[in-house]
DNA sequence: ACGATTTTCAGCATC
DNA sequence: TGAAAATCGT
């Protein structure tokens, strides 16, 4: 990367009087621009506490914080707010909780808990898809900024009315729990800002300059929140790239790029078109591919780098052959070039594709790191322990109660809980309060009643202890006194899995100790934990990176292999049918532009899908790349098919022959 | 209430 | 194919 800014980057940094959209192509140094702009704002006299930078992931926020602290001094960076959209929404709600009808210590339900709560209100016997569809309608309503009452008024058909009423019931239930879901962290602040002028004034005074990263990933609600926060002044910089919009399936709305120009007539647009990452050839291939998509604003990326190595296209027999070849190539290339392992990456469409690759790499003793996978905070043992914390902070959190009361098992089953819920409902008590109430106790049988009482007593003891204990010590005490470890031994059979879960809990403990330093208040800690999704220790180190295309966004590697470039996989089957080809093309574009020096694409003639060996066709996207830049390698798939049947030594061949 | 067995169903995965 | 959910049986 150049030491000084290029003219476009400088223009993006220095423009602080008008609202600004920075169209930042892949590898064009956009993070650099954001960091420098923060420094420039501070230099121009902005107080750090009035400068806000918003990202999508905690990881991005963390990285930005670290880079800013290096650019300006640590002390100067301290008062800055650099966080995710949801964390900003949460901050606002914590300050303005009364206006939102919430009490201090409100809980944040994750997607799972929210769905469970929703399930109880929805008509019984719905299958998973129908339920999720209905739940998504609620999300959509919040995304559009509709209150339950507005949604009911707006419903056109009986089905829509039913969904709107379900939305209303769901919000009532959340309110009873003193809880919000993830959507609410955006929807409620946007609503408050819209309706309460004084509140809006307070926040506009606080946020004097707003920077947004990955702007193409914002949804409607996030845009409305931002619009209210920046007001007519429009002191903001939005950085994004419509060609890297790959999250529309989870609500991102690239149209927001267009609306920005409509809502802020003074909007300036700066394009960052010099790519500092890829070789000339890699960039040319990427440009050729993305040129097949329609564009709102034309942008032409160029690179000052050499042409570089040809792009290779490997034809393979099946996914095992593909994995073996890729692993062998990485193995040899590393030795040959004396590169470090972390300069190599294998990218793929679906998580399941990692398996064959892992196997092949392990066989050669190549260290690797798989990104993504099940998020740390989604693991059941972590959610169990966090449920205790939530319940300590917010006794009305019935979702947390239901989780905590059943892990570890304490002879309280569904029948008991149903009875408890019935009593609690009629007396307008939360489940925990009901469990401790004498009235309710009398209506329960002796044994379950005693078990519930014991549970409530234990929580009360912890609550009292919390005052004099650090958050970390409290969590340690909860884990030990709830006998969670015996619970693990009783429910998990595989001793390796038990060890793994213990490790996770130890990791959580370490995290809480570190996070709670200086803050201490359990309330804040609990809220922070709810927003985190990945383990902080997720340090890949010096290892080959295996990653999905989505998880690879924002990363770069010297040598990239993109595997499974087949119709049905990339583009994915579902996207072909639903005409979402453009997003699939962007996905491939993102993959190609991760590569600095070499790029290898591969596809297999056959692939095992759902247990069946299926014939595959090379991706249609390969035809959109300039043939002159591609170097096709590998065996003729037809000839291989017969060879495969003949080869005596191949175990796979025999299995494949039996199946096929 | 819980473990064992059958059935189902496959994307990407943020906060 | 294989993991997770649903159902069965004690």
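Numbering (the numbering used here), first residue to last: 860 to 1519. Backbone N, C-alpha and C define an ideal beta-carbon position, used for all residues, glycine too. Quick caveat, the model's predicted, so the values are computed rather than measured.
Counted within 10 angstroms of its Cβ, other Cβ atoms place residue 1060 as buried (16 or more) or exposed: The residue labelled residue 1060 in the question sits at position 201 within the first chain. Taking all protein chains shown into account, residue 1060 has fewer than 16 neighbouring C-beta atoms within 10 Å of its C-beta and is therefore exposed.
Top-ranked residue by Cα proximity to residue 1135, from 1370, 943, 1489 and 885: To locate residue 1135, count along the first chain from 1; it is residue 276. With distances taken between Cα atoms, residue 1135 lies closest to 885.
Bounding residues of the alpha helix (DSSP H) (the contiguous stretch that carries residue 1299): The sequence position of residue 1299 within the first chain is 440, counting from 1. Where residue 1299 is concerned, the enclosing alpha helix (DSSP H) stretches over 1297-1302.
Whole beta strand (DSSP E) elements within the segment 1128-1178, 3-residue minimum: The qualifying runs are 1170-1175.
Where residue 1078 sits in the DSSP three-state scheme: As a working mapping, residue 1078 is identified with position 219 in the first chain. Residue 1078 falls in the coil class under three-state DSSP.
Bridge partner(s) assigned by DSSP for residue 915: Reading the first chain from its first residue, position 56 is the one you call residue 915. Answer by DSSP bridge pairing: none, since residue 915 is not bridged.
Where residue 1195 falls: helix, strand or coil (DSSP): On the first chain, residue 1195 is found 336 positions in, with the first residue counted as 1. DSSP, reduced to helix, strand and coil, places residue 1195 within a helical segment of the structure shown.
Close beta carbons around residue 1087, own chain, < 7 angstroms, minus the five adjacent residues each side: Taking the first chain and counting its residues from 1, the one referred to as residue 1087 is at position 228. So the list reads 1049, 1052, 1053 and 1059, once near-sequence residues are dropped.
Residue 1269 and residue 1310 closer than 9 angstroms at C-beta: Translated into the one-based positions of the first chain, residue 1269 becomes position 410. Translated into the one-based positions of the first chain, residue 1310 becomes position 451. Going by beta carbons, residue 1269 and residue 1310 fall inside the 9 angstroms limit.
Residue 1460 versus 1290, 1443, 1328 and 1169, residue with shortest Cα-Cα distance: Along the first chain, read from residue 1 onward, the residue named residue 1460 stands at position 601. In terms of Cα proximity to residue 1460, the closest of 1290, 1443, 1328 and 1169 is 1169.
In DSSP terms, what residue 1204 is bridged to: The residue you call residue 1204 lines up with position 345 of the first chain. DSSP, once it has assigned bridges, lists 1404 and 1419 as partnering residue 1204.
Per-residue DSSP class, three states only, for residue 1455: Here residue 1455 refers to the residue found at position 596 when the first chain is read from its first residue. When DSSP states are grouped into helix, strand and coil, residue 1455 belongs to the strand group.
Own chain residues within Cβ distance below 8 angstroms of residue 1123, not counting five before or after: Locating residue 1123 in the first chain gives position 264, where the first residue counts as 1. Residues 878 and 1093 of the same chain have their beta carbon placed closer than 8 angstroms to that of residue 1123, with the five preceding and five following residues left out of the count.
Minimum length 4: unbroken alpha helix (DSSP H) runs contained in the segment 998-1027: Here the runs fully enclosed are 1007-1013.
Within 9 angstroms, strictly: CB atoms of residue 1175 and residue 1463: Here residue 1175 refers to the residue found at position 316 when the first chain is read from its first residue. Here residue 1463 refers to the residue found at position 604 when the first chain is read from its first residue. Yes, these two residues count as a Cβ contact at 9 angstroms.
Span of the alpha helix (DSSP H), counted from its first residue to its last, around residue 1260: By one-based count along the first chain, residue 1260 stands at place 401. Its alpha helix (DSSP H) spans residues 1257-1265.
Host alpha helix (DSSP H) of residue 1474 (start-end): One-based indexing of the first chain puts residue 1474 at position 615. Premise fails: residue 1474 lies in the beta strand (DSSP E), 1471-1474, not in any alpha helix (DSSP H).
Spatial neighbours of residue 1574 in its chain, beta-carbon cut-off 6 angstroms, leaving aside the 5 residues before and after: The requested residue 1574 is not part of the displayed model; the chain covers only 860 to 1519.
Enclosing alpha helix (DSSP H) for residue 1280 [first to last residue]: Position 421 of the first chain, counted from the start, is the residue given in the question as residue 1280. Run containing residue 1280: 1273-1286, per the alpha helix (DSSP H) assignment.
Paired residues, beta bridge with residue 1387 - DSSP: Along the first chain, one-based indexing puts residue 1387 at 528. DSSP lists no partner for residue 1387.
Which listed residue (1149, 1493, 1198 and 1068) has its alpha carbon closest to that of residue 899: Reading the first chain from its first residue, position 40 is the one you call residue 899. Of the candidates 1149, 1493, 1198 and 1068, the one whose C-alpha sits nearest the C-alpha of residue 899 is 1068.
Residue 874, DSSP secondary structure in three states: Taking the first chain and counting its residues from 1, one reaches residue 874 at position 15. In the three-state DSSP reduction, residue 874 falls in the coil class, being neither helix nor strand.
DSSP-derived helix/strand/coil call for residue 1270: For the purposes of this step, residue 1270 is taken as residue 411 along the first chain, with counting starting at 1. Assignment of residue 1270 by DSSP, reduced to helix, strand and coil, places it in the coil class.
Nonlocal neighbours in the same chain, by C-beta distance under 6 angstroms from residue 1411, ignoring five residues either side: Counted from its first residue, the first chain places residue 1411 at position 552. Excluding positions up to five away in sequence, the list reads 1206 and 1453.
Span separating the alpha-carbon of residue 1228 from that of residue 1200: In the first chain, residue 1228 corresponds to position 369, counting from 1. In the first chain, residue 1200 corresponds to position 341, counting from 1. Each residue's alpha carbon lies about 10 angstroms from the other.
Nearest-angstrom Cα separation, counted from residue 1077 out to residue 1066: Translated into positions along the first chain, residue 1066 becomes position 207. Translated into positions along the first chain, residue 1077 becomes position 218. Between residue 1066 and residue 1077, the C-alpha separation is close to 19 angstroms.
Local conformation of residue 1497 per DSSP, three classes: The residue given as residue 1497 occupies position 638 in the first chain. The predicted position of residue 1497 is uncertain, since its pLDDT is 48 and thus under 50; no value can be drawn from it.
Residue 1292 and residue 1255 closer than 9 angstroms at C-beta: One-based indexing of the first chain puts residue 1292 at position 433. One-based indexing of the first chain puts residue 1255 at position 396. Going by C-beta atoms, residue 1292 is nearer than 9 angstroms to residue 1255.
The segment 1241-1261 contacting the segment 965-983, beta-carbon criterion three pairs below 8 angstroms: The segment 1241-1261 is in contact with the segment 965-983.
Where the alpha helix (DSSP H) through residue 1095 begins and ends: Position 236 of the first chain, counted from the start, is the residue given in the question as residue 1095. Counting along the chain, residue 1095 falls outside any alpha helix (DSSP H), though it belongs to the beta strand (DSSP E) covering 1095-1099.
Residue 1428 and residue 1209 closer than 9 angstroms at C-beta: Locating residue 1428 in the first chain gives position 569, counting from the first residue. Locating residue 1209 in the first chain gives position 350, counting from the first residue. For the pair residue 1428 and residue 1209, the CB atoms are nearer than the 9 angstroms cut-off.
Whole-angstrom distance between residue 1471 and residue 1089, CA atom to CA atom: Indexing the first chain from 1 puts residue 1089 at position 230. Indexing the first chain from 1 puts residue 1471 at position 612. Spanning the alpha carbons of residue 1089 and residue 1471 requires a straight line of approximately 54 angstroms.
Host alpha helix (DSSP H) of residue 1067 (start-end): Within the first chain, residue 1067 is the residue found at index 208, counting from 1. For residue 1067, there is no enclosing alpha helix (DSSP H), as DSSP marks it with neither H nor E.
Contact the segment 997-1014 vs the segment 935-943: 3+ CB pairs below 8 angstroms: Contact between the segment 997-1014 and the segment 935-943 is absent: fewer than three C-beta pairs spanning the two stretches fall below 8 angstroms.
Span of the alpha helix (DSSP H), counted from its first residue to its last, around residue 1247: Position 388 of the first chain, counted from the first residue, corresponds to residue 1247. Residue range 1239-1252 is occupied by the alpha helix (DSSP H) that includes residue 1247.
Residue span of the beta strand (DSSP E) that contains residue 1227, given as start and end: The residue given as residue 1227 occupies position 368 in the first chain. Element bounds for residue 1227: 1227-1229.
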